[in-house]
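Since the structure comes first, as C-alpha cells, the remarks are kept for the end.
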Amino acid sequence: MTDLDKLVRPNIREFLSCTNARTEQPTGQFRQIMLDANENPYNKPFNRYPSDSQEELKTQLAKLKGVTDNEIFLSNGSTEAIDMCYRIFCQPRVDNVVAIEPTCGLYRQFAAFNDVEYRPVLLDYDFQLDAIRLLKTCDRHTKLIWLCSPNTPNGNLLDTVEVEKVLKTFNGIVIIDEAYSDFSRQQPFRERLAEFPNMIVLNTFSKAWANAAIRLGVTCAQEAVIDLFNKVKYPYNINQLTQEQAVDALKHRYDIEDWIKILLLERQRMMKAFESLACCEQVYPSNANFFLARMKDAQGVYDYLTEKGIVVHNCFKEPLCDNCLRITIGAKAENAEILGILRYYKPTK
Ligand SMILES: *Cc1c(COP(=O)(O)O)cnc(C)c1O
1 MTDLDKLVRP NIREFLSCTN ARTEQPTGQF RQIMLDANEN PYNKPFNRYP
51 SDSQEELKTQ LAKLKGVTDN EIFLSNGSTE AIDMCYRIFC QPRVDNVVAI
101 EPTCGLYRQF AAFNDVEYRP VLLDYDFQLD AIRLLKTCDR HTKLIWLCSP
151 NTPNGNLLDT VEVEKVLKTF NGIVIIDEAY SDFSRQQPFR ERLAEFPNMI
201 VLNTFSKAWA NAAIRLGVTC AQEAVIDLFN KVKYPYNINQ LTQEQAVDAL
251 KHRYDIEDWI KILLLERQRM MKAFESLACC EQVYPSNANF FLARMKDAQG
301 VYDYLTEKGI VVHNCFKEPL CDNCLRITIG AKAENAEILG ILRYYKPTK
C-alpha cells in the first residue's frame with residue numbers, strides 16, 4: 001500500500017506531527033492524591049475519569065481475538081470506528097470511498113456526514129464480490145474500500161480469494177466489517193493482520209456477544225493504524241460501566257458460545273421452515289444470525305407481521321433485494337411464533 005502517513009488526511013497529519021500525543025497519567029499506589037483533572041473527590045467510584053488506555057479490557061480481548069493489545073482500538077460501538085475512518089483518512093469534497101452494494105447503511109451515512117463521495121459497486125446476483133470490478137471504480141482519490149463479511153442484508157461471506165485480491169491490489173485502506181464473523185466457521189481476517197498492513201477489521205459486542213446495550217466496538221489492525229485511532233479518538237471514549245461490563249462478559253464467554261450454537265441450530269430450522277412457506281420464494285444462504293428471504297409480496301407480509309407485533313427488517317428497496325425481508329434469528333419461542341403466524345398469511349393480491 002501507499003505509505004500510511006500519506007493516506008492520513010493532511011490536517012490530522014499536521015496536528016499529530018506538531019503536538020505531543022496524549023499520554024496517560026501514571027496510576028497506582030504512588031499517585032493517590034489526584035488534583036490534576038478538576039474531578040470531584042466525592043461520589044466514588046464514579047467521580048474519576050475511566051481508564052483511557054482501557055488496559056484491562058484490551059488485555060482480555062487480545063487473548064481472545066488472537067491479536068496483541070496494541071492491535072486493538074475500542075470505540076462507542078463500531079459505529080464510532082466507522083465515522084473515525086472517514087475523519088482520519090478522507091478529505092471532504094476531495095477524497096472518495098468505494099463500497100460493496102448492498103451492505104450495512106452506516107458506511108454511506110457517515111460518508112454523507114463527513115462530506116465524502118461514496119461509490120457503491122453492485123455485488124453479483126448471488127451477493128458475491130468481483131474484485132476487479134470493485135478496483136476499477138477506484139481512482140487516485142479513493143482512500144477507503146468498505147467490505148462486510150458476512151455481509152448484510154444477505155448474510156453470506158464474501159469470497160476469500162476476491163477479498164485477498166482487493167487487499168493486495170488496493171493502495172489505500174480496506175475495511176472488513178466482521179460484525180457477524182462469530183456466526184461463521186471461516187477463519188476471520190482479524191487473525192491475518194500481519195499479512196495486510198492496509199487492513200482494518202471491525203468487530204462489535206452488539207451481535208454475537210449479546211451486549212448491544214453497552215456500545216462497544218473492537219477494531220483490529222496493525223499497530224501503526226491503531227495508533228492513529230488512539231490519537232484521534234475522544235478522550236475517555238469508553239465509559240467505566242462499559243469497560244466493567246465487557247470484562248465481565250469476557251469471563252462468561254462460554255455462555256456466548258452456547259448461545260451461538262443455539263442460534264445456528266435455530267437458523268437452520270427457520271430457513272427450512274421459510275422455504276416451505278407458501279408466501280416465500282427463496283431463502284438465501286447465511287453465515288450470520290439472520291437470513292434473507294425473497295417473498296412473493298414482501299410488503300404484504302411485512303405489513304401483516306407488523307400488525308401482529310412482529311418486526312422484521314424490510315429491505316426490499318435495496319438493490320438486488322427486490323421483495324426481500326431480512327429476518328433475525330430470535331429465541332426459540334419467538335421463532336416458533338413468527339412461523340406460526342406466517343402459516344396463516346393469506347395474500348391480498
Ligand atoms: C450492527 C452492525 C454494526 C454496528 O455495530 P455497533 O457496534 O452496534 O455500532 C456495524 N456493522 C455491521 C455490519 C453491523 O451489522
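Numbering (my numbering), first residue to last: 1 to 349.
Cβ atoms here follow ideal geometry from the backbone N, Cα and C, with glycine treated the same way.
All values reported here derive from a predicted model rather than from experimental measurement.
Cβ shell of residue i (< 6 Å), same chain only, five flanking positions each side left out
| i | result |
| --- | --- |
| residue 152 | 104 |
| residue 277 | 342 |
| residue 22 | Here the model assigns residue 22 a pLDDT of 49, short of 50, so the residue's position is not dependable and the matter cannot be decided. |
| residue 110 | 82, 83 and 86 |
| residue 288 | 150, 155, 180 and 183 |
| residue 242 | 214 and 216 |
| residue 337 | none |
| residue 177 | 148 and 202 |
| residue 206 | 212 |
Check: residue i C-beta below 7 Å from any heavy atom of ligand 1
| i | result |
| --- | --- |
| residue 212 | yes |
| residue 61 | no |
| residue 106 | yes |
| residue 65 | no |
| residue 139 | no |
| residue 90 | no |
| residue 321 | no |
| residue 179 | yes |
| residue 18 | no |
| residue 78 | yes |
| residue 206 | yes |
| residue 350 | Nothing about residue 350 can be read from this structure; the chain reaches only from 1 to 349. |
| residue 152 | yes |
| residue 330 | no |
| residue 217 | yes |
Beta-carbon contacts of residue i that lie in its chain and below 7 Å, excluding the five residues immediately before and after
| i | result |
| --- | --- |
| residue 9 | 88, 89, 90 and 91 |
| residue 283 | 271, 274, 275, 291 and 293 |
| residue 101 | 120, 121, 122, 123 and 319 |
| residue 350 | Any answer about residue 350 is impossible in this case: the structure gives the chain only from 1 up to 349. |
| residue 348 | 300 |
| residue 106 | 79 and 82 |
| residue 157 | 149, 150, 184, 186 and 287 |
| residue 260 | 182, 183 and 208 |
| residue 281 | 294, 295 and 296 |
| residue 143 | 7, 89, 90, 95, 97, 172 and 173 |
Own chain partners of residue i with C-beta closer than 8 Å, once the 5 adjacent residues on each side are dropped
| i | result |
| --- | --- |
| residue 59 | 69 |
| residue 47 | 39, 40 and 41 |
| residue 62 | 68, 69, 71 and 72 |
Check your understanding: Are the stretch 114-123 and the stretch 78-97 in contact at 8 Å, needing three or more beta carbon pairs?
Key -> yes
Exercise for review: Any chance you could list the beta strand (DSSP E) runs of at least 3 consecutive residues sitting entirely within the stretch 101-172, in chain order?
Suggested key: 117-122 and 142-148
Review point. Do the stretch 228-238 and the stretch 263-283 make contact, defined as three or more Cβ pairs closer than 8 Å?
Key: no
Check your understanding: Is there contact here, the stretch 195-206 with the stretch 63-81, by at least three beta-carbon pairs under 8 Å?
Key -> yes
Practice item. Evaluate contact between the stretch 307-326 and the stretch 159-168, counting only Cβ atoms and requiring at least three cross-stretch pairs below 8 Å. Key: no
Check your understanding: If you pair each beta-carbon of the stretch 41-51 with each one of the stretch 123-136, do three or more pairs fall below 8 Å?
Key -> no
Point to revise | Contained alpha helix (DSSP H) runs [length at least 4] in the stretch 268-307, N- to C-terminal order | key: 298-307
Exercise for review: For the stretch 64-107, list the beta strand (DSSP E) runs that are entirely contained and at least 3 residues long, ordered along the chain.
Suggested key: 72-75 and 96-101
Review point. Which parts of the stretch 322-348 are runs of the beta strand (DSSP E), unbroken and 3 residues or longer, counting only runs that do not cross its ends?
Key: 324-328
Point to revise | Ranges of the beta strand (DSSP E) found wholly within the stretch 195-261, counting only runs of at least 3 | key: 199-204 and 217-221
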